[in-house]
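This report refers to the structure that appears directly beneath it.
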Amino acid sequence: MNAALKDSIAGMKDWLVEIRRTIHMHPELMFEEVETSRLVSIWLEKFGLEVKTGWAKTGVVGVLRGDKEGKTVAIRADMDALPLEEANQVPYASKVKGKMHACGHDAHVTILLGVAKLFSAIREQVKGNIKWIFQPAEEGGAGARVMVEEGVLENPKVNAIFGAHVFPDLPIGKVGIHEREGLAATDRFIIKIIGKGGHGAYPHLAKDPIFAAGHLITQIHSIVSRDINPLDSAVITIGKVNGGTAFNIIPDEVSLLGTVRSLTPQVRELLKSRLEQLTQGVARSFGMDCRCEFEYGYPALVNDPEMSRLVASACARGIGQDNVEFIRPSMGGEDFAYYLEKVPGSFFRLGCRNEKKGIIHSFHSSLFNIDEDVLPFGVEMFVRIIDQYLGLELI
Ligand code: NI
Numbered sequence: 000m001n002a003a004l005k006d007s008i009a010g011m012k013d014w015l016v017e018i019r020r021t022i023h024m025h026p027e028l029m030f031e032e033v034e035t036s037r038l039v040s041i042w043l044e045k046f047g048l049e050v051k052t053g054w055a056k057t058g059v060v061g062v063l064r065g066d067k068e069g070k071t072v073a074i075r076a077d078m079d080a081l082p083l084e085e086a087n088q089v090p091y092a093s094k095v096k097g098k099m100h101a102c103g104h105d106a107h108v109t110i111l112l113g114v115a116k117l118f119s120a121i122r123e124q125v126k127g128n129i130k131w132i133f134q135p136a137e138e139g140g141a142g143a144r145v146m147v148e149e150g151v152l153e154n155p156k157v158n159a160i161f162g163a164h165v166f167p168d169l170p171i172g173k174v175g176i177h178e179r180e181g182l183a184a185t186d187r188f189i190i191k192i193i194g195k196g197g198h199g200a201y202p203h204l205a206k207d208p209i210f211a212a213g214h215l216i217t218q219i220h221s222i223v224s225r226d227i228n229p230l231d232s233a234v235i236t237i238g239k240v241n242g243g244t245a246f247n248i249i250p251d252e253v254s255l256l257g258t259v260r261s262l263t264p265q266v267r268e269l270l271k272s273r274l275e276q277l278t279q280g281v282a283r284s285f286g287m288d289c290r291c292e293f294e295y296g297y298p299a300l301v302n303d304p305e306m307s308r309l310v311a312s313a314c315a316r317g318i319g320q321d322n323v324e325f326i327r328p329s330m331g332g333e334d335f336a337y338y339l340e341k342v343p344g345s346f347f348r349l350g351c352r353n354e355k356k357g358i359i360h361s362f363h364s365s366l367f368n369i370d371e372d373v374l375p376f377g378v379e380m381f382v383r384i385i386d387q388y389l390g391l392e393l394i
């Protein structure tokens with residue numbers, strides 16, 4: 000990277016930290032990112048980008064059209080916080096009770112603003128277009144799906160998209176890349192076993208759905224171990240069991256709620272059909288009724304291998320091959336998957352862990368934090384990726 004670019008990124012650090020802390024202090028939940036969205040659009044307008052607000056309620060899109068013809072590359076940040084009380088004792092801790100940026104989306108927004116600042120200063124060197132996508136509601140609200148449905152990948156038509164997530168499993172200074180599958184499809188189910196209530200002393204006059212549920216829970220855990228190819232990945236977790244009111248009453252029904260994770264459509268469908276079959280089978284064996292509702296969530300996030308290799312080589316040019324790691328997928332979810340269903344791209348990880356600074360806590364923890372060095376670091380990685388994809392040869 001030429002010295003001037005390197006200096007301008009290094010010189011941005013205080014500005015980046017201030018923006019990140021402002022957002023961090025004012026967390027907003029999904030589809031309510033009004034102030035964050037306002038902050039983003041004010042900066043993008045200052046940078047002279049074409050700005051359009053109101054996407055998916057609070058989303059913002061900025062476009063920089065280069066003077067010369069070329070491809071269109073998009074980068075994306077999510078803006079929402081989580082319903083969680085911050086436990087960090089820092090001057091920039093959340094000022095909103097019960098809300099916190101515990102997943103680092105404040106950092107994602109900040110990094111993309113840094114990239115916008117940098118390119119706006121050298122816009123005459125841009126060949127093709129750069130599109131900045133700031134979306135709401137990554138945390139379960141599928142903001143990305145809404146943005147895609149509203150046409151965010153059109154006009155100008157996006158040829159490739161890149162996104163990143165700060166990543167506490169990797170130390171600061173490292174980039175993690177998933178070559179293909181990066182995160183799981185996140186589906187859920189609600190099972191109801193409908194028996195017949197009665198007195199706990201007279202089970203023969205009732206149909207005990209708690210007993211049936213016990214069998215079903217055991218059966219469900221045979222799906223991953225017996226039906227799925229051991230070389231594939233899958234998770235079924237039953238997170239909630241509801242049923243009963245007192246120690247001596249057999250209830251009418253029991254419900255089981257759970258999450259189902261998979262990395263391929265084949266495994267996804269197999270998990271769904273086996274859950275339904277087992278529920279029906281167990282209920283029938285006890286002479287009970289049942290219902291099994293399977294709700295599709297985010298699809299699996301699948302990177303384009305060529306784009307992942309581009310990210311790896313662009314980052315390695317800045318930080319060396321040793322600091323770029325190809326990492327295994329996670330069974331978490333990420334709605335960036337919706338963009339990748341439409342256009343090739345890659346979603347990668349920016350290490351933000353720093354044991355010396357006590358920054359060791361995982362996502363969605365009330366003690367989650369980032370090493371703020373990841374802000375200029377993230378800007379540099381995105382600049383390198385865009386440079387390489389558009390063939391700008393700035394670096
Ligand atoms: Ni997140």
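Its first residue numbered 0, the sequence shown is counted upward by one per residue in numbering that gives the first Met the number 0.
We put the CB at the ideal spot given by N, CA and C, even for glycine.
Quick caveat: nothing in here was measured; it's all calculated off a predicted structure.
Closest Cα partner of residue i within the set the options
{"i": "Phe362", "options": "Gly350, Lys356, Asp372", "result": "Gly350"}
{"i": "Glu32", "options": "Trp42, Thr236, Ala55", "result": "Ala55"}
{"i": "Leu393", "options": "Leu262, Lys126, Gln265", "result": "Lys126"}
{"i": "Gly162", "options": "Gln387, Ala336, Ile369", "result": "Ala336"}
{"i": "Gly103", "options": "Asp226, Met24, Thr52, Asn128", "result": "Met24"}
{"i": "Gln19", "options": "Leu38, Leu4, Gln265", "result": "Inspection of the sequence shows that residue 19 is occupied by Arg rather than by Gln. Ranking the options by Cα distance to Arg19, first place goes to Leu38."}
{"i": "Val223", "options": "His214, Leu270, His203, Pro202", "result": "Leu270"}
{"i": "Ile318", "options": "Asp370, Ile384, Arg283, Ser272", "result": "Ile384"}
{"i": "Ser345", "options": "His360, Cys314, Ile358, Ser364", "result": "Cys314"}
{"i": "Asp6", "options": "Glu379, Leu391, Gly390", "result": "Glu379"}
{"i": "Ala233", "options": "Ala183, Val145, Leu28", "result": "Ala183"}
{"i": "Thr57", "options": "Glu27, His198, Val174, Leu81", "result": "Glu27"}
{"i": "Glu403", "options": "Lys98, Pro167, Pro208", "result": "Since the displayed the chain opens at 0 and closes at 394, residue 403 lies outside it and no answer follows."}
{"i": "Gly357", "options": "Ile171, Asp303, Gly286", "result": "Ile171"}
{"i": "Gly286", "options": "Arg316, Ala205, Thr217, Gly242", "result": "Ala205"}
{"i": "His360", "options": "Phe246, Ile219, Ile41, Val165", "result": "Val165"}
{"i": "Arg352", "options": "Glu340, Leu339, Leu366", "result": "Leu366"}
Beta-carbon contacts of residue i that lie in its chain and below 8 angstroms, excluding the five residues immediately before and after
{"i": "Gln279", "result": "Cys289, Cys291"}
{"i": "Glu275", "result": "Cys291, Phe293"}
{"i": "Leu309", "result": "Ser345, Ile384, Gln387, Tyr388"}
Beta-carbon spacing of residue i, residue j below 7 angstroms
{"i": "Val342", "j": "Leu111", "result": "no"}
{"i": "Phe30", "j": "Ala76", "result": "no"}
{"i": "Trp189", "j": "Val253", "result": "Going by the sequence as given, residue 189 is Ile instead of Trp. No, these two residues do not count as a Cβ contact at 7 angstroms."}
{"i": "Gly65", "j": "Val50", "result": "no"}
{"i": "Ala299", "j": "Glu180", "result": "yes"}
{"i": "Ile369", "j": "Ala3", "result": "no"}
{"i": "Val16", "j": "Glu371", "result": "yes"}
{"i": "Ile249", "j": "Gly331", "result": "no"}
{"i": "Val114", "j": "Phe381", "result": "yes"}
{"i": "Leu277", "j": "Gln218", "result": "yes"}
{"i": "Gly257", "j": "Thr236", "result": "yes"}
{"i": "His177", "j": "Asn302", "result": "yes"}
{"i": "Ser119", "j": "Phe46", "result": "yes"}
For residue i, three-class secondary structure by DSSP
{"i": "Leu38", "result": "helix"}
{"i": "Ile190", "result": "strand"}
{"i": "Asp77", "result": "strand"}
{"i": "Ala211", "result": "helix"}
{"i": "His100", "result": "coil"}
{"i": "Phe133", "result": "strand"}
{"i": "Glu148", "result": "helix"}
{"i": "Leu256", "result": "strand"}
{"i": "Gly317", "result": "helix"}
{"i": "Tyr295", "result": "strand"}
{"i": "Thr236", "result": "strand"}
{"i": "Ala141", "result": "coil"}
{"i": "Phe30", "result": "coil"}
{"i": "Asn247", "result": "coil"}
CB contact below 7 angstroms: residue i versus chain C
{"i": "Ala183", "result": "Of the chains in the structure shown, none is chain C; there is only one protein chain."}
Close Cβ partners of residue i (< 6 angstroms) along its chain, the five nearest in sequence each way excluded
{"i": "Asp334", "result": "Glu137, Ala141, Ala143, Tyr297"}
{"i": "Asp231", "result": "Val266"}
{"i": "Asn316", "result": "Correcting the residue type first, residue 316 is Arg in the shown sequence and not Asn. Answer for Arg316: no residue qualifies."}
{"i": "Val240", "result": "Leu255"}
{"i": "Glu44", "result": "Val50"}
7 angstroms Cβ shell around residue i - same chain, five flanking residues per side excluded
{"i": "Thr71", "result": "Gly127, Asn128, Lys130, Pro155, Lys156, Val157, Asn158"}
Check: residue i C-beta below 6 angstroms from any heavy atom of the ligand MG
{"i": "Ala313", "result": "With respect to the ligand MG, the structure offers nothing, as its ligand set consists of the ligand NI."}
Fill in: Contact set, the ligand NI heavy atom to C-beta under 6 angstroms
Counting only heavy atoms of the ligand NI, the residues whose C-beta sits closer than 6 angstroms to one of them are, along the chain, Cys102, His104, Glu137, His164.
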